Amino acid sequence: MRRRIIQFLLALAVVMIPIGAIATVSHMTKQEQPVTTQAPSSQEYESKSFTEMLVNFWKQTGIYAILNPQEGVKNARGDEITPFQQSVGRVIMIAITFVLFYLAIAKGFEPLLLIPIGFGGLLANIPLANIIGDGGFIGELFKAGIENELFPILIFMGVGAMTDFGPLLANPKTALLGAAAQFGIFGTLVGAVALSQLGIFDFSLQDAAAISIIGGADGPTTVFIASKLAPDLLGAMAVAAYSYMALVPVIQPPIMKALTTPEERRIRMTTKRKVSQLEKMLFPLTVLLLTILILPESSPLIGALTFGNFVRESKVVERLSKTLQNELINIVTIFLGLSVGSKLAAEYFLVPETLGILLLGLVAFSIGTAAGVIMGKIMNKFSKEPINPLIGAAGVSAVPMAARVANRVGMEEDPTNVLLMHAMGPNVAGVIGSAVAAGVYLSIF
Amino acid sequence: MRRRIIQFLLALAVVMIPIGAIATVSHMTKQEQPVTTQAPSSQEYESKSFTEMLVNFWKQTGIYAILNPQEGVKNARGDEITPFQQSVGRVIMIAITFVLFYLAIAKGFEPLLLIPIGFGGLLANIPLANIIGDGGFIGELFKAGIENELFPILIFMGVGAMTDFGPLLANPKTALLGAAAQFGIFGTLVGAVALSQLGIFDFSLQDAAAISIIGGADGPTTVFIASKLAPDLLGAMAVAAYSYMALVPVIQPPIMKALTTPEERRIRMTTKRKVSQLEKMLFPLTVLLLTILILPESSPLIGALTFGNFVRESKVVERLSKTLQNELINIVTIFLGLSVGSKLAAEYFLVPETLGILLLGLVAFSIGTAAGVIMGKIMNKFSKEPINPLIGAAGVSAVPMAARVANRVGMEEDPTNVLLMHAMGPNVAGVIGSAVAAGVYLSIF
Amino acid sequence: MRRRIIQFLLALAVVMIPIGAIATVSHMTKQEQPVTTQAPSSQEYESKSFTEMLVNFWKQTGIYAILNPQEGVKNARGDEITPFQQSVGRVIMIAITFVLFYLAIAKGFEPLLLIPIGFGGLLANIPLANIIGDGGFIGELFKAGIENELFPILIFMGVGAMTDFGPLLANPKTALLGAAAQFGIFGTLVGAVALSQLGIFDFSLQDAAAISIIGGADGPTTVFIASKLAPDLLGAMAVAAYSYMALVPVIQPPIMKALTTPEERRIRMTTKRKVSQLEKMLFPLTVLLLTILILPESSPLIGALTFGNFVRESKVVERLSKTLQNELINIVTIFLGLSVGSKLAAEYFLVPETLGILLLGLVAFSIGTAAGVIMGKIMNKFSKEPINPLIGAAGVSAVPMAARVANRVGMEEDPTNVLLMHAMGPNVAGVIGSAVAAGVYLSIF
Amino acid sequence: MIIEAIKYMFLGMGIVFLFLYLMVVVLEWQHKLLLKYFPEHFEEEKPKSDRRERLKKVAAITAALHHMRNS
Amino acid sequence: MIIEAIKYMFLGMGIVFLFLYLMVVVLEWQHKLLLKYFPEHFEEEKPKSDRRERLKKVAAITAALHHMRNS
Amino acid sequence: MIIEAIKYMFLGMGIVFLFLYLMVVVLEWQHKLLLKYFPEHFEEEKPKSDRRERLKKVAAITAALHHMRNS
Ligand code: NA
Ligand code: NA
Ligand code: NA
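Protein chains in written order, with this note's numbering: chain Z, 11 to 455; chain P, 11 to 455; chain H, 11 to 455; chain S, -18 to 52; chain C, -18 to 52; chain V, -18 to 52.
Shown next, in the form of structure tokens:
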């Protein structure tokens, strides 16, 4: 073992000593040699000495790039990148992607999205590489599916094919809980604008609207709206949306408990009516017709969702349904995650707006949860059949996590009270609700 | 329950009353306020009153758009759309897509294609939405795979990977039945031109040729030719092709019975020769070589078909074969269906040509069936081995439906006479036959 | 049977006699009728006689095109194609694709790649067809994934998801064998430049570098580098790389035996240390961090490889891992193979450079194998734990073939000495090694 | 601008409620209609999980056999 | 134009027949050739559906056991 | 140009060795660190191939039964 080390230290010395020497010199003289572009193409390579080669190589290492940030440099997409973002910024962002990996793997937070997004972020922060630019593979994926809204739409098809709207059909009025929870979106819009007026943040009305959609607790809707209304904020918005969706078991219970009495949390809901296959099959068509009549701007999102669901419930195209639920959504999840992750590059993420987005996203989630619970209390008061206000919290979407949380909080009071299927109604209604909210924004802006 | 209704009627009133009021006023004054584009982007949103907002929202509902069609409006692809097509037309088309769903689900008519096509048609008829235009998701799918012929080609690869040409190899001469059935294509060409000369339709020679390819009873070939020769007719042609393929059990039997005697329908065919795996493997290469020598214009279609079949029969790339037969063809079927469906927009489908296409398609199918049966009778007369003319009807392709129909009609006369495998020969030859016919058209136009 | 033949000879005569007659005349007069483009579009088709139609048809057959090559013709991509390449060249190339099929099917040589590549080559050599050009389906696939490097990157993701780096982690120092084997790349660079200096070949430094990467024994890396540094040589390089990877069991053993004594080949390696799941999970991140610090230019390749491996080893996104290993890599393999095969068109492949590429590729493989074995001998001498030099040959990559060959050669001397897992270490290190070498080239050129 | 945002809040929540409320109304009306005209669709279906059932049986039998064998 | 269409009809049907007829001829000739030079490929193959066979056996045995158990 | 190529050869092999050597060093160091701070990850894991195991048992039993039945 030691012999090997000696042997290779010897070999290494041949390589490392000149590199080190040159590096020191180069570092001392770098003020005099302005580097205008990050990856200078060597035209007349014939005349270089080996030392020059080593210098060139050294200047193309990531260590050099991080230690020697330059003014006025542009990234692979042509956007400016400050010296801070080139050096410490990249290190911070790489650390953040590692935190995302930790959350995804050790804590089980939405790993299907956070792992591709995190890895995309890792790749996006590599100095000198052109991965997120034109011709780079993540840049190409971004063009192929985010710029033209294709990836979130395909995800929505898969979500439609995976979702059973039966619980909603068994108790349609719980859909109103899914409506109330969208107050997380519109309430946050007002809050964001107010904070901007107060000079705390600096968001335009359009940016504020985009950010508030995080309160819809729906990943693809957030990516869809962000790429339309505020493409620069896409990275932070997606990270906020998926992170808070993953954090639902942490964020929601305190709010739910604060707004309900133990008696309310113990309310048992009556068994729901039978749902026929025919009803399930008609449901996506009904929802789409309503969308056509009332809010055509929502039709890309709701169209994709109902298409996937119709493929599922028609029962005659099982192979298409299976493909939507598996291969297609998996492939698109990988591509979408990597593409969205490219917005975790330091130059896009380490900007003042990010903090505002993370904060407002959390506020939006909390408001949505509270609005759902309060609506549940109101409905319980006015409805003949008892309604447990806890299922209102599931109205934010975040399917099926929010419904499970509602169930768990209910069981803490009464372990025999199973709310899961009752909570699935507002939960899936919340998906439709936030797609409608997205349509409202699209029709305004 | 009633309390809830009262509560929400109250809430609703807040929203609905002003909408209704504005709507009435707006409807009365709409002649004075010409709307030039369908989705006006609101630049200076800061100064709008809540009433104005409601008006704007109301003007962006689908109800308003359908009730208030405008002159001189263009759709998302820049094509003109008449007031009729904007209003009643859309309702008619949506009704037609529901008919397609009914046929697909309740009657089992080619659901794999009719459900995506129908849903694409539904989405294409949403007013104000930009789903089929540039940046809309179906518009993007259309660009990605129909404009450049990629989707029908990939479907053909999957068809090749799914097709066992063994029955054809066991009795090669039945391929001539698959040739005769292509008279459905070329006979219809003459008919269409004749009817245009008589002033009944108004098709150019090129359009007539494109339409006549429906007689090939082959979906991807029809889409391929339509997108090359007559892109405007793509929607009607695809719907006609897939509908009639689904209607094979209805259209063919009367023609088959009219042209044959019960004795002929009872003819038993002798057992076929053994087919080795080596033959099956060489078959796609042989067919492709013939295509190269005789009709290179057919090589995209036949190349894709034989590629898929070679992947299948080489037996050494099982995983590629499985992918062609499952995931890839499923994904492409969804994308192709939605894209083709976008041509069911009222502005493309509700044109005089559609009726002609539907009629001529039916004629083409019938002629093809008849030609196949007659050729079967001729071959039976001249061949030493008996040939049941019913299997000639399978020559139109529509694999494997047409072969099953031939088998069933035969069994009606003699329940012990199984023609299925004998009919598969002309059936798969019909696929090659219509690809050759397509190549002829491509070499002419 | 005979009756049928008579009948069809009759029918055929009607078609064939005029064709033959016209063909003869046309052949005699073709000097006087210069054909400028290969597929003349017939604008005024109304006035043609049936004879003219037959002539036109005859002139669009592949037979005619092969028998009557023209000067100054361009192919579908706008590149010139000589008369030789149009005629004999195409026949030769078609024969070569058949040889590839034979090798793939009968000999089991990398069928997953050679079958799509061969078929792509077959389709690329069809006269008059536009399959590889703009709008042709292979041309479209080429644009979609080779020009922008996407396909080799996606393959690398799949490779990462399929590779277990456990054997390398169990004995990390064997990675140095994977480094030594890259001498196949850089040694060949010198050789290629030397032969160019001597006037035997005519490769630029950049071309020589591209060709030498074949010595990395890694398909996607070769395609990646070829499409960046020497797109014209892509076809020959890919064929060389995949062929020699398939030929590893033929090429390597003689070299391995020549460089080792029987005693060396009998060396038993000690059992390796335990590898924890945590280590496996950290491995891709560690390798990527090193890449970021030392060689960012390698990050597309190593980033994709480590992404796939991280998805695999994180164990929390099993469905994404499965998709990367199956559907996605299968689809991309088909598309990549067909696209790469399009460079087997006579006009690209039948050029003097091809011979040089095939020769240099073989040399590169051999040098790499030898360097790996010699490094194994050196390491065995200096290391405390015994190292069987045979596993050095596995350092060229060609996973897992090269490791199996090392194992087999070892067993020839001592059937109880199982080297397989020990050889997998250098084998997978070789993949990283050639990605690093590729990064070096990308940073230089 | 804050006034603007509040207006949009009312507009947005109004539309969301309008949409989902109409959906509830239509679904309940549709349910009644289906119940009236297609009552057969709401009858108890025979459980169709035959295959899974059988697989479970295989597992059960195997487990039993295994138990017998090991004891 | 109708004359034109008829001409194309003859041309088209001619080519389709020519193509498929040549295909028939080549296939029969190829069959004879293969039969002569590779007769071993035409011999009775051992059914390779071992796995399915075995699965069926598992099912059969299970069914039998189940039957025994329930009776 | 040949001198140039030789220089690149040294540069290239140098970088490749540097990279993989550093990788070896980091991996060994990482291994020691993990062994020290997370020793539980290196303990003998319970074989998790339960399902495969069980399937094999099913097969074994079935085979045995089949054997009994046929003899
Ligand atoms: Na929501
Ligand atoms: Na056909
Ligand atoms: Na390698």
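Ideal Cβ placement from N, Cα and C applies to all residues, glycine included. None of these values were measured; they are calculated from a predicted model.
Say yes only if the C-beta of residue i is nearer than 7 Å to one or more non-hydrogen atoms of ligand 1, and no if none qualify.
{"i": "residue 441 of chain Z", "result": "yes"}
{"i": "residue 251 of chain Z", "result": "no"}
At a CB-CB cut-off below 9 Å, which residues of chain D make contact with residue i?
{"i": "residue 61 of chain P", "result": "Reference to chain D is not applicable here, since the protein chains of this structure are Z, P, H, S, C and V."}
Hey, is residue i close to ligand 3, as in C-beta under 7 Å from one of its heavy atoms?
{"i": "residue 407 of chain H", "result": "yes"}
{"i": "residue 444 of chain H", "result": "yes"}
Helix, strand or coil for residue i? Go by DSSP, reduced to three states.
{"i": "residue 363 of chain Z", "result": "helix"}
{"i": "residue 84 of chain H", "result": "strand"}
{"i": "residue 401 of chain P", "result": "helix"}
{"i": "residue 90 of chain P", "result": "strand"}
{"i": "residue 135 of chain Z", "result": "coil"}
{"i": "residue 265 of chain P", "result": "helix"}
{"i": "residue 121 of chain Z", "result": "helix"}
{"i": "residue 427 of chain H", "result": "coil"}
{"i": "residue 182 of chain P", "result": "helix"}
{"i": "residue 249 of chain Z", "result": "helix"}
{"i": "residue 447 of chain H", "result": "helix"}
{"i": "residue 410 of chain P", "result": "coil"}
Work out the CA separation of residue j and residue i for me, nearest whole Å.
{"i": "residue -11 of chain V", "j": "residue -3 of chain C", "result": "60 Å"}
{"i": "residue 46 of chain P", "j": "residue 67 of chain P", "result": "Confidence in residue 46 of chain P is poor, its pLDDT being 41 and thus under 50, which makes the residue's placement too unreliable to answer from."}
{"i": "residue 260 of chain P", "j": "residue 134 of chain P", "result": "30 Å"}
{"i": "residue 6 of chain C", "j": "residue 451 of chain P", "result": "25 Å"}
{"i": "residue 347 of chain H", "j": "residue 126 of chain H", "result": "5 Å"}
{"i": "residue 437 of chain P", "j": "residue 412 of chain P", "result": "7 Å"}
{"i": "residue 301 of chain H", "j": "residue -5 of chain V", "result": "15 Å"}
{"i": "residue 367 of chain H", "j": "residue 333 of chain H", "result": "35 Å"}
{"i": "residue 157 of chain H", "j": "residue 69 of chain H", "result": "34 Å"}
{"i": "residue 0 of chain S", "j": "residue 373 of chain P", "result": "46 Å"}
{"i": "residue 250 of chain H", "j": "residue 131 of chain H", "result": "14 Å"}
{"i": "residue 237 of chain Z", "j": "residue 141 of chain Z", "result": "20 Å"}
{"i": "residue 263 of chain P", "j": "residue 355 of chain P", "result": "33 Å"}
{"i": "residue 81 of chain P", "j": "residue 159 of chain H", "result": "48 Å"}
I'd like to confirm something about residue i: is its beta-carbon nearer than 7 Å to some heavy atom of ligand 2, or not?
{"i": "residue 227 of chain P", "result": "yes"}
{"i": "residue 374 of chain P", "result": "no"}
Following a CB-centred definition, is residue i positioned closer than 7 Å to any heavy atom of ligand 5?
{"i": "residue 191 of chain Z", "result": "What this structure holds is ligand 1, ligand 2 and ligand 3, not ligand 5."}
Within 8 Å, do at least three Cβ pairs link the segment 434 to 454 of chain Z to the segment 308 to 321 of chain Z?
Judged by Cβ distances under 8 Å, the segment 308 to 321 of chain Z makes contact with the segment 434 to 454 of chain Z, as three or more pairs qualify.
Between the segment 414 to 421 of chain Z and the segment 201 to 210 of chain Z, do at least 3 Cβ pairs fall closer than 8 Å?
With the cut-off at 8 Å, the segment 414 to 421 of chain Z and the segment 201 to 210 of chain Z do not touch.
Validate contact between the segment 284 to 295 of chain P and the segment 144 to 151 of chain P using beta carbons, cut 8 Å, 3 pairs:
No: the two stretches stay apart, fewer than three of their Cβ pairs being nearer than 8 Å.
Would you call the segment 168 to 176 of chain P and the segment 109 to 120 of chain P touching, i.e. three or more CB-CB distances under 8 Å?
No: fewer than three Cβ pairs fall under 8 Å.
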